[in-house]
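Report on the following structure.
Protein chains in written order, with my numbering: chain A, 187 to 456; chain B, 598 to 920; chain C, 2 to 324.
Laid out in structure tokens, this is it:
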């Protein structure tokens, strides 16, 4: 419940961005007249940065990018990872071995160099960040899902289903997938925060889209423009807290979802 | 009669859990005479394994245990930690079920037995004693250097027996020692226990659901249901001529081969043993009882006399004696 | 003599084991299952009875030999197997494990119907199957999840799921050993009712001779991958002709007074099957010299043998029985 409310609050805030803040205030050319490094009391609600841009506007608009990247990249990673994991775990033989090697290969690729290379080739943009994060995160899911599928495959009710005459497709859809979904969900709640933080890192390194505000970019600029030394807390605290809040929200939602979906855990809640 | 070696008086054990207290044992009393083998029969949830844990005080912290457990007159439940640790294993020890998890899978079996000796006699060289113990239980001494997974089920069980004997206890509690073993291996282990009992003058408490095994191995049997004793008496009598309907149902699960009465005639109880947190009113067995009477749900059952050296907690026993 | 429903001819099932060895789990089995009634396949762990059951179900492929059902040998393509599964069904040992914890009772029973795409009203068939399995009224159970049922009820759901397909043969692998002892009789009673009312033939795999005495018409005793004795239950258990059967019977606590013959050691594993009669290293007849006196010891040690006739439809694989 708490998790859901936090998330809803952040999403609503992001969606209402055009309403609750002034988009013009994001562009430095528009804010020449604004005081720079204004504190929140001088320039409500969250002060300005070194270019006189409204921090509040950046925070609210930045939420959109962080959430978008976090969710989209995670969806890509989870979908690819789950499919690969289930197939690699269920089947034996050449196909499965190939999938396994592929997973390991991708797992070993270091995130940052790949991101840098891809950003250099494809150009910095939000879509590319989503792509990079998705492509580097799926092996983690695949490994975990495959391990679970290997155990599930040996469960007696799977054998019973086979004895009833079930085909492999039926087994995977009816028995393996529903029982592997808690792991997938758990993985999802772990991956979203990682995706958001990865976006933060990439933007921090300047690989993100320079034209769009994001929480990562805010942290990057806070760092490079010397907000820390200036003690301009209103610049780096909001994005940091924002990230923490979203990560927390997803974790809470994740465990609540798992409880709802598992009939056994349902009993204990009563 | 001479004083019993072990006297359990009104033992109550209640586990503490978030969802509510679980009264696993609700007022159990029994005696164990020196050299006697007592059978403790019951199924899952009746409290029999809890009693074993209570006797050695190895139950989880916070568990409420009341009553008395008198070992030669000294109450184990009142012992100070130092005295308790001295008593554990040297006076009373347990043979667990020999599944792989009773033994540390990454430690050699010999050193696990040696550990018990070293705890109680620090500084002694345990090796010769361990070899001796292994021979006593029928294992070649060279097997002391092996790991549990290298042994068969029967051999692991023997290691656990050696472990239990390592400090020369007077009382051996065998908790389901032959469940999950093949019939032939079971017979070997039982033969071993019988021989050890004779040679070492041990007193034993034998815990199992197999009523017919108890009738061959023990002198007396005590049957437990829902945390209480529902019947007690000579082991063979309790099996062959049960006075409590639950005992009768349990005995029915072990058909006598060769007895026509058991041919094509299976019988069993419906339902499950009751949840200790939600016990039925009156006699806890009444929902599953084939001979239930109108008074049973409201009756405070006690162990009433039911013949020579026998007691049963059933209204029908009262009827019989009243007639 | 009723017709043969299923037969295995020279069945061999082998598994790769450690160090490149081969485990001969089923090592030449010719078994006949006759229509109607209950056949008990009895043996200790490692004797191959579960592998044999699974091969009969088509879940394992034989290395040699064949399984013949209603005169037709088993083929291992998808379509044949699916049709076969509509006629031969299986009940497993662990009822909790056999049911997907996320499926309701309804879904668990309906699954077979959906896979087999059988015609008719699914809801009606599921309710009938549940009722016939003793879960009455069915409406009370259909929406429940496995964790809400007792052990006996879960096994009934599994049985309903198997019977809903209307099979001619039901293979039950240790159907009651995971259940509490006092509850087992209920499930065994259900199985006998199914034989009587639904006309199904049951092959029950068990280590428990008492169970066989309770419900089986015929018994086949397995040792190290072979059937060593087979015959009508009453005759086989009252006058066993194979030394292994005799020893097994003698150590079962429920057997009527027989002198105990506790065999030494444990059965060798299926990668090291002894030459000649596979039982000879542990055979009491060899050990006591009786085999030598009968002049058969040489053959016991060197020549493998099949079942020999010893009475009406009773066979034992032993040289000591008069050929």
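No residue lacks a Cβ here, since even glycine has one placed at the ideal position from N, Cα and C.
Please read all numbers here as calculations on a predicted model, not as lab measurements.
Q: Put residue 724 of chain B into one of helix, strand or coil per three-state DSSP.
A: helix
Q: Determine, using beta carbons only, whether residue 286 of chain C comes closer than 8 Å to chain B.
A: no
(Q) At 3 residues or longer, what runs of the beta strand (DSSP E) sit wholly inside the stretch 55–99 of chain C? (A) 65–70, 89–92
Q) Which residues, taken in chain order from the stretch 845–872 of chain B, show a beta carbon closer than 8 Å to some beta carbon of chain C? A) 846, 847, 849, 850, 851, 852, 853, 854, 855, 856, 859, 860, 861, 862, 863, 864, 865, 866, 867, 868, 869, 870
Q) Quick one: Cα of residue 171 of chain C to Cα of residue 89 of chain C, how far? A) 6 Å
Q: Tell me, please, which residues DSSP counts as bridged to residue 609 of chain B.
A: B:623, B:663
Q. If we count the other Cβ atoms within 10 Å of its Cβ and call it buried at 16 or more, is residue 148 of chain C buried or exposed?
A. exposed
(Q) What residue range does the beta strand (DSSP E) around residue 107 of chain C cover? (A) Unbroken run through residue 107 of chain C is the alpha helix (DSSP H), 106–117; no beta strand (DSSP E).
Q.
On the DSSP letters alone, give me the boundaries of the beta strand (DSSP E) that residue 319 of chain A sits inside.
A. It is not in any beta strand (DSSP E) - residue 319 of chain A instead sits in the alpha helix (DSSP H) that spans 312–339.
Q. Where does residue 195 of chain A land, buried or exposed, given buried means 16+ other C-beta within 10 angstroms?
A. exposed
Q | Residue burial classification, residue 772 of chain B (beta-carbon count within 10 angstroms, cutoff 16) | A | buried
Q: Quick one: grab the DSSP three-state call for residue 686 of chain B.
A: coil
Q: Could you have a look at residue 421 of chain A and say whether DSSP puts it in helix, strand or coil?
A: helix
Q) Per DSSP, what kind of secondary structure is residue 657 of chain B in: helix, strand or coil? A) coil
Q) Are residue 369 of chain A and residue 334 of chain A closer than 8 Å when you measure CB to CB? A) yes
(Q) Measuring CB atoms only, is the stretch 45–57 of chain C touching the stretch 6–19 of chain C, in the sense that at least three cross pairs come out at less than 8 Å? (A) yes
Q.
Our contact map puts residue 228 of chain C next to residue 308 of chain C with C-beta atoms below 8 Å; I'd like the distance itself, whole angstroms only.
A. 7 Å
(Q) Check for me: the alpha helix (DSSP H) holding residue 796 of chain B runs from which residue to which? (A) 780–797
Q) How many angstroms separate the CA atom of residue 164 of chain C from the CA atom of residue 99 of chain C? A) 15 Å
Q.
What are the residues in the stretch 206–238 of chain C lying within 7 Å of chain B by C-beta distance?
A. 208, 210, 211, 214, 215, 216, 238
Q. What separation, rounded to the nearest whole angstrom, lies between the Cα atoms of residue 859 of chain B and residue 183 of chain C?
A. 15 Å
Q: Measuring alpha carbon to alpha carbon, tell me which of B:628, B:641, B:909, B:888 ends up nearest residue 898 of chain B.
A: B:909
Q.
Check for me: the alpha helix (DSSP H) holding residue 364 of chain A runs from which residue to which?
A. 363–390
Q: Closer than 9 Å, Cβ to Cβ, to anything on chain C: give me those residues from the stretch 341–363 of chain A, in chain order.
A: 341, 342, 343, 344, 345, 346, 347, 348, 349, 350, 351, 352, 353, 356, 360, 361
(Q) Below 7 Å on C-beta distance, what does residue 788 of chain B contact in chain C? (A) 263
Q.
Would you say residue 909 of chain B lies against chain C (beta-carbon separation less than 8 Å)?
A. no
Q. Helix, strand or coil: how does DSSP classify residue 678 of chain B here?
A. helix
Q | Contact list for residue 785 of chain B against chain C, beta-carbon separation under 7 Å | A | 263
Q: Identify the contact partners of residue 365 of chain A in chain C, using a Cβ-Cβ distance below 9 Å as the criterion.
A: 101, 102, 103
Q. From this set, C:243, C:173, C:297, which residue's C-alpha is nearest residue 95 of chain C's C-alpha?
A. C:173
Q: Would you identify the three-state DSSP class for residue 830 of chain B, choosing helix, strand or coil?
A: strand
Q) Using Cβ-Cβ distances below 7 Å, what residues of the stretch 821–836 of chain B are close to chain C? A) none
**Q.** Classification of residue 690 of chain B by the beta-carbon crowding that lies within 10 angstroms, buried from 16 upward
**A.** buried
Q) For the beta strand (DSSP E) that residue 239 of chain C lies in, which residues bound it at each end? A) That residue, residue 239 of chain C, is in no beta strand (DSSP E); its alpha helix (DSSP H) goes 234–239.
Q | Neighbouring residues, chain B, relative to residue 185 of chain C (Cβ below 7 Å) | A | 850, 865
Q.
Please identify, using Cβ separations under 9 Å, the residues of the stretch 625–636 of chain B that lie next to chain C, in order along the chain.
A. none
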